[in-house]
Amino acid sequence: MPSMIALCGLGLAAVAVAAPRINITEINVKPAEVARGESFTLRVSAESDGVEIGSFRLRTPYETEAIPPGFAEEAGRAVYQDDAGAIRDNGPVDLEPADGEIAIEVSTENLPIGVNYLVVFAHNRPAPGPHILDYRNLRLDVSEDTVSIRAMDRGVTEETGGIEFMLPDSRVEAGEPLVCGAKLTGEGSLALRLRPPYTWGEDEVLPGFVYYPEEKTAYVEDDAEHLIADGGPNDLDPADRSLRLEVPTDGWGPGVHVLTLEAPVSEGRHPYGRAGGIYRDFAIKVPGPNDHLDVVVEPSSLFGEGTHFGSLVSLGNGRVVTDSHVSEDAGRTWRELPGALPRPSLLRDGSLLAMAYRALPVEGQKGVYAGFRHASMDGGETVEGPSESQVLVPKARAALGHGPHVGPLFGRSIVELENGDLVAGMYGWFDGDVEPDRYRKGGTMRRAYTCISQDRGETWEYLSTVAYEPFLGNEGYSELVIRGLPNGEILALVRTGGNSNPGWQDNPLMTSRSADGGRTWSPVERTGVEGCWPDLCVMDDGTLACTTGRPGAFIMFSADNGRTWTDHTPLNGERYSGYTAVCEVAPGELLVGYGARARLDPETGERRDSLRLCRVRVGERPVAAEGGGDSAVASVRIVGLLPNPRGVDTGHEVVMLKNLGQVELSLEGWRLRDRAGHAYALSGSIDAGAALRIAMGTFVMPLNNDGDEISLFDGAARSWTR
């Protein structure tokens, strides 16, 4: 399946700079089985774009004392030797004269019985600068007499070791124990580690975990090795070769927590791309006091290969478009688009507009860049582009982020204003942006900003900065999504970094809002979560659904236009799953995409990079009526506002409520609250199916004449917003 991120062609006026890449295009092993101690021939072909292939490299992914002939020990690993661990194309050990391809003889002598692995790299070394590479793993099954060899697919690793894990339920009430463990079904002894998959800051440590500041992580443990031993003080299972943990969750905050249960493997033989232990990542939800939704996440299905999901756009009537595919049945089946639509946005006339990620500098013109525009006027049946557009950002500059960038970067979203102008969320670096980041040496903090187009994306001009200061996270402000809200505002959610990098642990997902079409933005505010590549969907009833993650992937909801978030619900527990997308395909039915690196296939035991889709069904959780029994439910909602009546406001401003439930409901203890925090106490009751008109008879909670946001709180402080 094609990549979800399209690489666009360059216009003639642009400097031809693209993301450098190296791809291993073919790997071949002959013969596939040899007598133990004999050699096989390994052939590897590779191609590159924007960088030269400097050398190839073959080594064990782990430390080993078994050094076959032709290999040497280097940092504890067995490394195939040509020139200082490198295999040069047409060098002394290369048997293949063609450029871009090597053929070498690999000995199996000294390999221990069992499963062994080698990894082959094609990379740009010995050149300095960013390390550009591709790799493939080889699996070697060694018996007393023979060795069978096979090349593993791109992005695939494997689980070995004979361990059966027991993972906790995905929902744990605060104070209830988190129950997990494992059984040993193979040879050896059993021990476990329970820890976060990435790093934690000291203020993120969950009660019951022991924090190690130098490692920036924490463990539930028996000893200084961070292990939980079979039969140790934390093991509640008296049986040998079986371990059961019950971790108290008292004091755990509400939300989604992602953890890793790991069984270290003493022999340490594993493919490249996976740690030396056998592990299971998992996510649990601790409900919050303001959760009020019934959220059901259905099992996921495979969409394609990859780790970064692009976008999902619902066009109605079951038609959904991604960067590369279109569905006519709400995402159940797919066919390829005739051309790429990188992160498309839906405009009011039904057309789709997409801008390629990178804008490239125009030679000799400071602040002028070439963008690449893609469009579809018929829901993806035909695709126009890429055509060159002009991007004018006078202060933009090249900088080092996750890789080298030469100019402005388009985010994932474009908002259409009432007058038809388009506002795009963007990020990058400006002249004078020199605050060092905490991600990598030589990098500087990123800036989130917007550009505006008055000609349907043919020309873009810098409009405003969404966020640059205060400096937050290990990266600054990037990967923003912007969406228009029902109240006319534009809401931005912005990434500031990620805990997969040990440089910094406070990487909050931030919000900012604009009330003037993106020209000015409010100071950033924390959402209470961390995450990368957030996506935002305004649902049919006005509820906001946000997907993000890393570690894991999760969804959360807002009933007050993004000021507070509730009902955080895990979608996937694999640590590298944060690049998500979400759209509403029917009222209350969301389609969510996410990428998962090294996702475990429970059928095969292999780990494979995959893009996944799942359906999330969302509804209001029924509110139990007093004295009504388990089957009696009621649900009261705000259904109308009159903030600016004719004449005198006092006594004529109105809030309308409706009881959607089946029984009468008492409103004692309920209250209304406006955007400014003024509260209005309710009393009396509301009949089943009835509407209630509440006239604001005092100035306790005056409504803003140009519109207001009113929240309704029940006696348990759950809220819904109009």
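In this text, residue positions in the sequence shown follow the numbering used here: the first is -6, and each later residue adds one. Don't be surprised by glycine CBs; every beta carbon is placed ideally from N, CA and C.
- Apart from the 5 residues on each side of it in sequence, Val290 sits with its Cβ closer than 7 Å to the Cβ of Thr562, Leu564, Cys607 and Val609 in its chain, given in chain order.
- Ranked by how close their Cα comes to the Cα of Ala591, the residues Pro544, Arg664 and Val611 have Pro544 in first place.
- By the Cβ-count criterion, Ala389 is buried, with 16 or more other Cβ atoms from all chains shown falling within 10 Å of its own Cβ.
- Between Cys173 and Glu66, the alpha-carbon positions lie close to 39 Å from each other.
- The DSSP-derived three-state label of Asp196 is helix.
- Beta-bridge pairing by DSSP links Met438 to no other residue.
- For Ser32, the uninterrupted beta strand (DSSP E) segment begins and ends at Ser32 to Asp42.
- Remark: C-beta atoms of Ile46 and Ala115 approach each other more closely than 7 Å.
- Here the alpha carbons of Gly588 and Val578 stand approximately 20 Å from one another.
- If you look at Met532, you'll find it isn't in any beta strand (DSSP E); DSSP assigns it neither H nor E.
- Around the CB of Arg519, fewer than 16 other CB atoms lie within 10 Å, so the residue is classed as exposed.
- About 7 Å separates the Cβ atoms of Leu478 and Val531, confirming a contact at the 8 Å cut-off.
- Counted as a single uninterrupted DSSP element, the beta strand (DSSP E) harbouring Ile483 occupies residues Ile483 to Arg488.
- For Cys607, the uninterrupted beta strand (DSSP E) segment begins and ends at Glu599 to Glu613.
- Looking only at Arg431, Asn16 and Gly357, the smallest Cα-Cα distance to Asn494 is reached by Arg431.
- Put simply, the backbone Cα of Leu415 is about 5 Å away from that of Ser446.
- Looking only at Val198, Lys23 and Leu133, the smallest Cα-Cα distance to Lys209 is reached by Val198.
- For Leu653, the closest C-alpha among the options Ser628, Arg132, Gly324 and Val647 is that of Ser628.
- The alpha-carbon separation between Phe550 and Arg556 amounts to approximately 10 Å.
- For Tyr110, the enclosing beta strand (DSSP E) begins and ends at Gly107 to His116.
- Cβ neighbours of His398 within its own chain (closer than 8 Å, five residues either side excluded): Arg351, Ala391, Ala392, Gly421 and Trp422.
- Counting along the chain, Asn21 sits inside the beta strand (DSSP E) bounded by residues Arg14 to Lys23.
- The residue from Ser141, Phe64 and Ala546 with its alpha-carbon nearest to that of Ile277 is Ala546.
- For Asn467, the CB contacts under 8 Å within the same chain, skipping 5 residues up- and downstream, are Asp430, Arg431, Tyr432, Thr489, Gly490, Gly491, Asn494, Gly496, Trp497 and Asn500 in chain order.
- Of all C-beta pairs linking the segment 222 to 239 to the segment 184 to 199, three or more are shorter than 8 Å, placing the two stretches in contact.
- Of the other Cβ atoms in all chains shown, 16 or more fall within 10 Å of the Cβ of Thr57; this residue is therefore buried.
- DSSP assignment within the segment 438 to 467 yields the following whole beta strand (DSSP E) runs of 3 residues or more, N-terminal first: 440 to 446 and 452 to 460.
- A contact is defined here as three or more CB-CB pairs under 8 Å, and the segment 502 to 518 fails this definition with respect to the segment 567 to 578.
- Each of Pro62, Asn16, Arg405 and Glu40 was checked against the Cα of Ser32, and the nearest Cα belongs to Pro62.
- Sequence-distant partners of Leu308 (beyond 5 residues in either direction) whose C-beta falls short of 6 Å from its own C-beta, in its chain, are Gly372.
- The Cβ neighbour count for Ser471, taken over all protein chains shown within 10 Å, is at least 16; the residue is labelled buried.
- Annotation: His250 to Gly360 spans about 43 Å, alpha carbon to alpha carbon.
- Of the other Cβ atoms in all chains shown, fewer than 16 fall within 10 Å of the Cβ of Ser676; this residue is therefore exposed.
- A buried status is given to Thr540, since no fewer than 16 other beta-carbon atoms sit within 10 Å of its beta-carbon.
- Straight-line spacing of the CA atoms in Arg52 and Gly510 works out to 55 Å.
- By alpha-carbon distance to Ile703, the top candidate from Ala684, Val656, Leu685 and Val632 is Val632.
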